[in-house]
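See structure below.
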Amino acid sequence: MDGLTRSRWLHFFWSHRLGLGVLAAAGAVLLFPWYTDNPYTLGLTNRIALMSVAVVGLNLFMGCTGQISLGHAAFMAVGAYISGILTVHAGWSPWLALVVAVAAAAGFSLAIGVPLLRLSGHALAMATLACNVVVHHVLLQEDRWTGGPSGLAGIPPLTAAGWAVDDPVRLHFFLWFVVLVVMFGGLNLVRSLPGRGLMVLAADEVCAACLGVPVARAKVVLWTLSAVLAAVAGSLFAHTYGFVSPDSFGIFVSTDLAIMVVLGGMGSVWGSVLGAAVIVLLPEFSELAEAYKEFVHGGLLVAMLLVAPQGMIRGIRQAVALAWWRAQQGRSDAAA
Amino acid sequence: MDFMQFVWAGLGNGAIYALIALGFCVVHGAMGIVNFVQVDLVTLGGMFLYSASVLAGLPVPVGLLAAVVGTALVAMLVERLGLRPARTDHPLVLVFLTVGISIVLRGAIQMVWGKNRMAVPPIAEDVPVRLWGAMVLPQTLWMMVLTVAAIGGLVWFFRGTNLGLAMRAVASNPRAAAVVGIPAGRVRMAAFAVAGACGGLAGALVTPVTTLSADVGVLLGLKGFAAAILGGFGSFPGAVAGGVLLGLVESLAAAYVSSAYKDALAFVVLVLVLCWRPSGIVRQ
Chain A
2 MDGLTRSRWL
12 HFFWSHRLGL
22 GVLAAAGAVL
32 LFPWYTDNPY
42 TLGLTNRIAL
52 MSVAVVGLNL
62 FMGCTGQISL
72 GHAAFMAVGA
82 YISGILTVHA
92 GWSPWLALVV
102 AVAAAAGFSL
112 AIGVPLLRLS
122 GHALAMATLA
132 CNVVVHHVLL
142 QEDRWTGGPS
152 GLAGIPPLTA
162 AGWAVDDPVR
172 LHFFLWFVVL
182 VVMFGGLNLV
192 RSLPGRGLMV
202 LAADEVCAAC
212 LGVPVARAKV
222 VLWTLSAVLA
232 AVAGSLFAHT
242 YGFVSPDSFG
252 IFVSTDLAIM
262 VVLGGMGSVW
272 GSVLGAAVIV
282 LLPEFSELAE
292 AYKEFVHGGL
302 LVAMLLVAPQ
312 GMIRGIRQAV
322 ALAWWRAQQG
332 RSDAAA
Chain B
62 MDFMQFVWAG
72 LGNGAIYALI
82 ALGFCVVHGA
92 MGIVNFVQVD
102 LVTLGGMFLY
112 SASVLAGLPV
122 PVGLLAAVVG
132 TALVAMLVER
142 LGLRPARTDH
152 PLVLVFLTVG
162 ISIVLRGAIQ
172 MVWGKNRMAV
182 PPIAEDVPVR
192 LWGAMVLPQT
202 LWMMVLTVAA
212 IGGLVWFFRG
222 TNLGLAMRAV
232 ASNPRAAAVV
242 GIPAGRVRMA
252 AFAVAGACGG
262 LAGALVTPVT
272 TLSADVGVLL
282 GLKGFAAAIL
292 GGFGSFPGAV
302 AGGVLLGLVE
312 SLAAAYVSSA
322 YKDALAFVVL
332 VLVLCWRPSG
342 IVRQ
């Protein structure tokens with residue numbers, strides 16, 4: 002292969018890296034059930050998929066606005082419980098319930114987001130945490146509808162053309178399809194015109210405002226978008242497991258979501274999936290991680306912030322680039 | 062008179078919220094951050110009291126002292142080992158760092174003391190006293206007395222001691238403080254120690270009334286933060302006023318409105334105050 006063809010190929014790969022990446026991910030998703038159809042393994046990967054949907058959304062908000070939300074499990078709760086209540090108590094079709102649940106979560110997030118997003122930093126983190134505590138409390142107290150502490154059971158699975166999405170393989174295809182759509186949307190968002198504005202917002206709020214990015218509106222839009230994705234994840238959670246309980250959406254779940262974002266790297270869509278995978282799979286690798294979940298999760302967060310605050314994917318990329326640069330330096334030193 | 066009964070209960074809880082709120086304010090003053098670890102320092106106070114008085118068999122007042130000192134020491138370690146190595150001013154990293162350390166500390170507490178609920182002995186016997194038409198537990202009175210004593214101690218510390226004055230200097234202008242030779246690191250560590258002592262005292266006073274478990278501090282700590290916000294975050298008199306007000310409102314609302322939503326009320330208040338009056342309800 003001569004130099005010109007090689008550089009053309011490189012150029013092709015580089016300019017289509019996004020589409021090729023998503024295609025490769027789609028291929029991996031498609032082929033995975035042929036690699037293993039062990040229900041336990043698929044249960045784990047399906048859980049990763051569910052969390053990924055919420056984490057990608059939260060990461061768009063945290064990565065672009067530089068603000069912290071410790072309350073996104075509340076939106077998952079709204080999605081899951083409205084889906085559950087409408088299908089169990091009112092007998093609605095799961096699809097309609099999903100749409101209504103997501104719309105309700107969007108309205109709820111807009112209602113609290115407009116006043117709260119004027120806050121920033123620690124105050125916003127605490128306020129979102131407080132919202133989550135209140136939602137959790139409502140779920141516990143309104144037991145006529147939510148089933149209280151013992152939870153709400155008997156939520157039907159989603160069905161499509163007579164097929165119920167209820168066994169692990171079907172769930173695998175369905176949930177990962179949703180993840181791919183969300184990822185594709187997220188990756189494209191940061192390359193659209195408003196998305197470019199959001200990237201400036203991520204770097205510097207004052208600069209973004211000076212360049213004409215509508216900062217306050219952009220924050221609310223991102224907040225609502227992230228709440229919608231969290232509600233989608235919550236509703237899918239309800240239809241996947243058929244059972245929801247308040248502790249699936251407590252403040253510790255919210256902090257776990259935020260930990261997944263930091264692990265993967267703020268603003269990194271691929272990192273979000275990686276972060277979700279690490280936290281979900283961690284207990285599988287060691288008994289210690291299972292028994293002392295909080296200790297290990299908190300330790301990971303602290304270590305990550307001290308060593309590589311930019312997140313795993315970017316941290317690895319920078320380490321590789323640095324090693325490569327050092328190797329180049331060594332070679333040119335040897336030549337000289 | 063049921064009313065007085067609820068007022069006493071509210072004042073007792075309010076004293077605890079005020080102590081926790083003061084802990085938040087001291088660290089915020091010295092470092093400009095909201096210290097999520099405060100939540101677990103409250104738990105730790107109860108745990109140390111349990112270890113000293115139940116496991117080691119020491120008298121409760123000695124246990125109380127051990128709880129305050131022990132929690133202060135842990136808080137100093139948190140600053141030295143957890144926050145200082147980060148060497149960053151980035152607010153996002155600092156917030157997450159305190160959240161992470163808080164989770165680690167909670168995990169460590171679970172490892173050491175287990176996940177079960179425990180009963181902690183009160184300072185005096187549980188014989189209610191009749192006061193202004195209400196039956197009051199001695200522990201409630203101790204909460205108020207010791208909180209007032211702690212506030213007096215803090216006032217003396219910030220006005221009368223070199224370290225306290227240095228802390229105020231760092232809080233008002235870190236660069237000028239560095240110019241006159243105040244070691245910022247040591248002052249921040251001292252701020253954490255004071256916050257730890259406040260949180261530890263609060264935990265050791267309140268856990269005989271509630272029960273003790275590894276996450277008992279989470280709800281209490283968040284309510285303490287709500288109290289600090291209510292008083293205009295960072296203001297010391299505001300923190301005390303906010304704590305007492307929150308305790309009273311919570312207790313009276315539980316009595317006359319709805320007891321089911323007692324624990325949620327503080328957070329509704331927190332969100333409302335943050336939305337409409339971010340500088341707090343006490344004008345500075």
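Protein chains in written order, with my numbering: chain A, 2 to 337; chain B, 62 to 345.
A virtual CB, placed ideally from N, CA and C, is assigned to each residue, including glycine.
The structure presented is a predicted model; accordingly, all values stated were derived computationally and were not measured.
Going by DSSP, which residues form a beta bridge with residue i?
i: A/F244; result: A/A154
i: A/T160; result: A/A165
i: B/L331; result: Answer is none; B/L331 lacks a bridge partner.
i: B/L158; result: DSSP lists no partner for B/L158.
i: B/L59; result: Here chain B comprises residues numbered 62 to 345, so residue 59 of chain B is not present and cannot be evaluated.
i: B/M179; result: B/L273
Cutting at 8 Å between CB atoms, please list the residues of its own chain near residue i, excluding the five before and the five after it.
i: B/V301; result: A79, A82, L83, I212 and G292
i: A/R332; result: none
i: A/L223; result: L61, F62, C65, T66 and L199
i: A/V23; result: L181, M184, F185 and L188
i: A/W15; result: none
i: B/V129; result: G106, A258, G261, L262 and A265
State yes or no: is the C-beta of residue i within less than 9 Å of the C-beta of residue j?
i: A/T225; j: A/L71; result: no
i: A/L111; j: A/T129; result: no
i: A/A324; j: A/R315; result: no
i: A/V245; j: A/G85; result: yes
i: B/G161; j: A/G299; result: yes
i: B/V103; j: A/A126; result: no
i: B/G295; j: B/G75; result: no
i: B/T132; j: B/G261; result: yes
i: B/S163; j: B/F97; result: yes
i: B/G73; j: B/Q200; result: yes
i: A/F250; j: A/A78; result: yes
i: A/G92; j: A/M267; result: no
i: A/G28; j: A/A239; result: no
i: B/A263; j: B/F109; result: no
i: B/G90; j: B/R247; result: no
i: B/T268; j: B/Y111; result: yes
i: B/L134; j: B/G257; result: yes
i: A/A102; j: A/S236; result: yes
i: B/L158; j: B/L144; result: yes
i: A/V30; j: A/W177; result: yes
List the residues of chain B whose Cβ lies closer than 7 Å to the Cβ of residue i, in chain order.
i: A/H123; result: I94, V95 and V156
i: A/A228; result: Chain B residues near A/A228: none, gap ~16 Å exceeds 7 Å.
i: A/C132; result: V332
Enumerate in chain order the residues of its own chain whose CB-to-CB distance from residue i is below 7 Å, with the five nearest sequence positions on each side excluded.
i: A/L258; result: A55, V56, L59, H73 and A74
i: A/L302; result: I260 and V263
i: B/Q345; result: Bear in mind that a pLDDT of 47 at B/Q345, under 50, signals an unreliable position, so the number given afterwards is only what the model happens to contain. Around B/Q345: G293 and S296.
i: A/P169; result: P40, L43, G44 and N47
i: B/A239; result: A245
i: A/S53; result: V180, S273, V274 and A277
i: A/K220; result: T66 and L118
Ignore the nearest five residues each way along the sequence and tell me which others in residue i's own chain have a CB closer than 6 Å to its CB.
i: B/C336; result: none
i: B/V190; result: V197
i: B/M137; result: M250, F253 and A254
i: A/I317; result: none
i: B/V279; result: V100
Run down chain A in chain order and give the residues with a C-beta less than 7 Å from the C-beta of residue i.
i: B/A169; result: F296
i: B/D324; result: H138
Mind listing the chain B neighbours of residue i? Cutoff is C-beta to C-beta under 8 Å, in chain order.
i: A/I280; result: Under the 8 Å cutoff, chain B gives no residues; its nearest Cβ is about 12 Å from A/I280.
i: A/I69; result: L153, V156 and F157
i: A/M313; result: Here the premise fails: no neighbours, minimum Cβ distance about 15 Å.
In chain E, what lies closer than 7 Å to residue i by C-beta?
i: A/C211; result: Of the protein chains in the structure, A and B, none is chain E.
Report yes if the C-beta of residue i is less than 8 Å from at least one heavy atom of the ligand MN; otherwise report no.
i: A/N133; result: As for the ligand MN, it is missing from this structure, which has no ligand bound.
Could you tell me which chain B residues have their CB closer than 9 Å to the CB of residue i, listed as they occur along the chain?
i: A/V201; result: Correct list: empty, because the minimum Cβ distance to chain B is about 17 Å.
i: A/L118; result: Those do not exist, as A/L118 stays about 10 Å from chain B at its closest Cβ, beyond 9 Å.
Can you give, in chain order, each stretch of the beta strand (DSSP E) that sits fully within the segment 13–82 of chain A and has at least 3 residues?
none
Could you tell me which uninterrupted beta strand (DSSP E) segments, each at least 3 residues in length, are contained entirely in the segment 62–125 of chain B, listed from first to last along the chain?
none
Completely contained alpha helix (DSSP H) runs for the segment 283–335 of chain A, where each covers 4 or more residues
288–292 and 294–308
Minimum length 4: unbroken alpha helix (DSSP H) runs contained in the segment 199–233 of chain B:
199–221 and 223–233
List in chain order: all unbroken alpha helix (DSSP H) runs of 4+ residues lying wholly within the segment 260–321 of chain B.
277–291 and 297–317
Hey, which unbroken runs of the alpha helix (DSSP H) at 4 residues or more fall wholly within the segment 230–257 of chain B?
235–240
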